[in-house]
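In what follows, a structure is listed as structure tokens, so that the remarks can point back to it.
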Amino acid sequence: MRRLPPLIGLRAFEAAARHLSFKRAAHELHVTPTAISHQVRQLEEAIGVRLFERRTRQVLLTAEGQVLLPILRDGFDSFARVIDGLSRTRRRTVVTLSATPAFAAKWLVPRIAAFRKARPDIDLTLLATLEAVDLGSGVADLALRYGPGPYPDLVAETLTVDRFAPVVSPRLGIKKTSDLRSATLLHFDWYRRDPRNPTWRRWLKIAGVDGIDARAGLRFSDETHAIQATVAGAGIALHSLLLVSDELAQGTLEVPFGPELEGFSLHLVRGRDRPLSEPIEAVQTWLRAQFTAAPQ
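With UniProt numbering applied, the sequence shown covers 1 to 296.
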């Protein structure tokens, strides 16, 4: 069984020894200087050695005090780190956000560090899936749904309306619509069949460009792979300007010509019957801010 002096005396000594001042130690521990002096005196009596040399308006550590100070200081620092870590663990909150794999990879992931910096107490989990998860089951707290809607059983708000345009690597030198006749068209398969899907067939018709086989070229089952192929210079694709916004800003991709096609709306949705906690509201607020801070 350990035989230790009272903790209150050890704390008082450690603070006074760090500051070499009973007054500053008292301020740190929210007590009076008299209380610090009394607690240190009791500690000295308990261990049978003097820890301070008391002079007029000054205290100095004795040799014994100099030995004890680093031991206590390091110990209290260790206590503080461990207790703070336990407290943070207890306060941590997980919020799960569902999104399509392409949106998660191309838009959310590059921005997730900013959210982490703003709210380190929230562990944001990204659930990347093409399936519409059941938000009433607890699988996810929020979802980003891309489509026409409506969502009658959910609380939904529109974040933005997406737009599509021909996108290409500047290295290919495609500058005008006539260049499409010698270019490789890149396609990706839409998860949902809809006549409003932005496809090359629709774009060529609206642009008034003929003599091009809208089915020819390279086809990808994953939109992210189609974007990577475009960056690599494999051809020209109709891409979401939202998903390639970073590449457009960096100059690795460009829009050589129009017209643009209107895509679907991006909706932020949550279960109507699930409680809106502060962490979930924080994620919602952050997502809204991404679309109001600057045009996408």
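Virtual Cβ for every residue (Gly too), placed ideally from N, Cα, C.
None of the values given here were measured: they were computed from a predicted structure.
Could you tell me the alpha carbon to alpha carbon distance between residue i and residue j, rounded to whole angstroms?
i: residue 167; j: residue 158; result: 25 Å
i: residue 296; j: residue 164; result: Bear in mind that the predicted position of residue 296 carries a pLDDT of just 45, short of 50, making it unreliable; the figure below should be weighed with that in mind. About 12 Å.
i: residue 93; j: residue 280; result: 9 Å
i: residue 162; j: residue 144; result: 13 Å
i: residue 210; j: residue 259; result: 15 Å
i: residue 64; j: residue 81; result: 27 Å
i: residue 221; j: residue 86; result: 45 Å
i: residue 38; j: residue 97; result: 56 Å
i: residue 234; j: residue 219; result: 11 Å
i: residue 224; j: residue 104; result: 10 Å
i: residue 57; j: residue 23; result: 10 Å
i: residue 154; j: residue 205; result: 36 Å
i: residue 117; j: residue 99; result: 21 Å
i: residue 244; j: residue 114; result: 19 Å
i: residue 272; j: residue 202; result: 36 Å
i: residue 6; j: residue 119; result: 39 Å
i: residue 180; j: residue 193; result: 25 Å
i: residue 232; j: residue 129; result: 25 Å
i: residue 19; j: residue 8; result: 17 Å
i: residue 228; j: residue 253; result: 10 Å
i: residue 212; j: residue 126; result: 40 Å
i: residue 240; j: residue 83; result: 47 Å
i: residue 196; j: residue 172; result: 29 Å
i: residue 274; j: residue 207; result: 46 Å
Do residue j and residue i count as a contact pair if the criterion is CB distance below 7 Å?
i: residue 198; j: residue 135; result: no
i: residue 141; j: residue 109; result: no
i: residue 174; j: residue 112; result: no
i: residue 183; j: residue 200; result: no
i: residue 302; j: residue 10; result: The shown model of the chain, from 1 to 296, leaves out residue 302, and the question about it has no answer.
i: residue 257; j: residue 177; result: yes
i: residue 226; j: residue 186; result: yes
i: residue 151; j: residue 255; result: no
i: residue 266; j: residue 160; result: yes
i: residue 36; j: residue 25; result: yes
i: residue 50; j: residue 62; result: yes
If you count every other CB in all the chains shown that lies within 10 Å of the CB of residue i, and 16 or more means buried, which is it?
i: residue 106; result: buried
i: residue 67; result: exposed
i: residue 60; result: exposed
i: residue 285; result: exposed
i: residue 216; result: exposed
i: residue 190; result: exposed
i: residue 169; result: buried
i: residue 277; result: exposed
i: residue 102; result: buried
i: residue 122; result: buried
i: residue 137; result: exposed
i: residue 124; result: buried
i: residue 48; result: exposed
In the DSSP assignment, find the unbroken beta strand (DSSP E) run with residue i in it and report its ends.
i: residue 96; result: 93-99
i: residue 240; result: 236-240
i: residue 214; result: No beta strand (DSSP E) holds residue 214; DSSP gives it neither H nor E.
i: residue 264; result: 261-271
i: residue 160; result: 154-167
i: residue 222; result: Taken as a continuous stretch (DSSP letters only), residue 222 belongs to no beta strand (DSSP E), as it is neither H nor E.
i: residue 123; result: 122-128
i: residue 116; result: From DSSP, residue 116 is part of no beta strand (DSSP E) but of the alpha helix (DSSP H) over 112-118.
i: residue 59; result: 58-61
i: residue 54; result: 52-55
In the DSSP assignment, find the alpha helix (DSSP H) that holds residue i and state where it starts and stops.
i: residue 135; result: From DSSP, residue 135 is part of no alpha helix (DSSP H); its letter is neither H nor E.
i: residue 186; result: Per DSSP, residue 186 belongs to no alpha helix (DSSP H); it is in the beta strand (DSSP E), 185-188.
i: residue 257; result: Neither: residue 257 is in no alpha helix (DSSP H) and is coded neither H nor E.
i: residue 147; result: Note, residue 147: premise wrong, no alpha helix (DSSP H); beta strand (DSSP E) at 142-147.
i: residue 286; result: 278-292
i: residue 33; result: 33-47
i: residue 24; result: 22-29
Please determine if the segment 70-84 and the segment 5-19 are in contact, where contact requires at least 3 C-beta pairs separated by less than 8 Å. Yes, they touch.
On the three-pair Cβ rule with 8 Å, is the segment 249-259 touching the segment 146-156? Because the criterion of three Cβ pairs below 8 Å is not met, the segment 249-259 and the segment 146-156 do not touch.
Specify whether the segment 41-49 and the segment 22-30 touch according to this definition: at least 3 beta carbon pairs, one from each stretch, less than 8 Å apart. no
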